[in-house]
Structures are given as structure tokens and as C-alpha cells.
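Data first, discussion second: the structure below is written as C-alpha cells.
Numbering (the UniProt record's numbering), first residue to last: 1 to 230.
So, in C-alpha cells, the structure goes:
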């Protein structure tokens, strides 16, 4: 007899294949439970476990009393669980998170450049004005997330934007900013934000990309140095 998880995996694969084949599309309702279980060749309990697993990663939406539906399958929906997973590590993976950001974010910043509006620039300027060495860690974290996300949200590549949103772990950034305040490095970090913003305002996406890579790389080096000392 196959292990329960193997049967559940089979049900998951079957539902995934139905979506891939176009039999089920975004916002479509799944067939009734008994009908779908019989078709896949699994028990209703195994099907329920499969549906539960797919709902956790936002592929399916279980609506009590109404049925189970495929979500919009938008990239932003599918990567929502990434931030949750990162928060579970409670600060143990900042270096690796920053490495991924360093590889991806500069490209998103460059692509976003021609799509940023005057209103966007005003908002980014305000985020800069509101911060100083005397700002609380909570203020620094939120402004940091808002600054980077506003820019990358204008990147026309929805998958890239969504992946970066998933990496916006408030828990990880709180530890980084707390350390920066202790090392009196807030002013230099905000100056790096300024260089990114000035390049974007000048329409120099290529230069903004370089500044973004240097900015994230600098924080990454700070994390690695701290880990070595510790």
C-alpha cells in the first residue's frame, strides 16, 4: 500500500496537471470532491490533504460552504508564503537573503527607471526626508521596505517584482537596521539610498543599477563581517 504522503502527492500532481493543461484556469471552481477523487483515483481524505497543501501555497482558495477555487495564480499571490518562510528563520539567513537581493534587485531597479512617475519620486523623497540617525529601528525598517518596494514595483517583470516582495522580510531587516544603528552606519546607508534615487531621477537606470548592487552588497558585507566576528 502506498504511503499516505505519496497518495497526497499524486493528488497534488493531478490537480497541478489540470491547471497546466488548461482544464482548470484562474478563478475556476474545482469539480465536486467525490467526482474529483474518483477521477484521480485517491480517497477523499487524500484529496482534502492535497487541497489543503495547495491552499497553503495559494494555488487553491477553499471557501467554506462555496467550494474550492483556483486562485488568480498571479505571481504576487504565489510568492506570499516566501516572506512567511523567511520570518521563521528569525535572523539566521540575512546574508543569503541579501545575496539573492543583490543578484535580482539591481536588474529590477534598472527596468523600473523609465516607469517611475513624478508622484513616485515625491514619495521616495519623502521617505528620505523622514529618516535620520535618530529614527527608531521600526521607522528605518518600514521606510527601507517602502523605498525598495516602491521602486521595484515599477519593474515591468511581474515575476521579478513578486520575488523581491517575498524577500522583504521585516524580521530580517530589523536585525540589520538594529546593527547599523549600533555601528552608527545609518547615515552612510541612507546616503546610498540617495545615490540610487538621484540616478533614477536623472533617468540613468544603468547607474541606479550599479548603486543598488553596491548598496545591497555593502550591507551583505556588513552582515558577513558581523558573523565572522561573532
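No residue lacks a Cβ here, since even glycine has one placed at the ideal position from N, Cα and C.
Here the structure is a predicted model, which means the values were calculated and not measured.
Contact set for residue i: own chain, Cβ-Cβ below 6 Å, skip 5 residues either direction
i: residue 68; result: 30, 51, 60 and 62
i: residue 35; result: none
i: residue 55; result: 62
i: residue 76; result: 162
Selection from the options that minimises the alpha carbon distance to residue i
i: residue 136; options: 186, 99 and 212; result: 186
i: residue 179; options: 220, 45 and 130; result: 220
i: residue 261; options: 156, 127 and 13; result: For the chain, the structure presents residues 1 to 230; residue 261 sits outside this window and is missing.
i: residue 212; options: 102, 35, 223 and 129; result: 102
i: residue 97; options: 14, 168, 20 and 8; result: 168
i: residue 176; options: 64, 28, 204 and 223; result: 223
i: residue 117; options: 26, 200 and 8; result: 200
Buried/exposed call for residue i, threshold 16 Cβ in 10 Å
i: residue 144; result: buried
i: residue 122; result: exposed
i: residue 22; result: exposed
i: residue 74; result: exposed
i: residue 11; result: buried
i: residue 115; result: exposed
i: residue 6; result: exposed
Same chain, Cβ closer than 8 Å to residue i, five either side skipped, listed in chain order
i: residue 152; result: 105, 108, 109, 112, 160, 161, 164 and 165
i: residue 181; result: 133, 137 and 140
Nearest-angstrom Cα separation, counted from residue j out to residue i
i: residue 154; j: residue 134; result: 30 Å
i: residue 47; j: residue 33; result: 8 Å
i: residue 202; j: residue 225; result: 34 Å
i: residue 72; j: residue 44; result: 25 Å
i: residue 183; j: residue 209; result: 26 Å
i: residue 149; j: residue 24; result: 32 Å
i: residue 228; j: residue 53; result: Caution applies to residue 228, whose pLDDT of 41 falls short of 50 and renders its modelled position unreliable; the value that the coordinates give is listed next. About 39 Å.
i: residue 216; j: residue 146; result: 15 Å
i: residue 99; j: residue 197; result: 21 Å
i: residue 79; j: residue 58; result: 8 Å
i: residue 158; j: residue 20; result: 19 Å
i: residue 41; j: residue 28; result: 21 Å
i: residue 173; j: residue 39; result: 47 Å
i: residue 189; j: residue 26; result: 42 Å
Chain-order list of residues whose beta-carbon lies under 7 Å from that of residue i (same chain, five-residue window excluded)
i: residue 15; result: 50 and 54
i: residue 194; result: 128
Check your understanding: Can you list the alpha helix (DSSP H) stretches of 4 or more residues lying completely in the UniProt domain "HTH gntR-type" (5-73), in chain order?
Key -> As far as the UniProt domain "HTH gntR-type" (5-73) is concerned, its whole alpha helix (DSSP H) runs of at least 4 residues are 33-40 and 44-56.
**Study point:** Sequence ranges, beta strand (DSSP E) only - wholly within the segment 140-168, length at least 3
**Key:** Within the segment 140-168, no complete beta strand (DSSP E) run reaches 3 residues.
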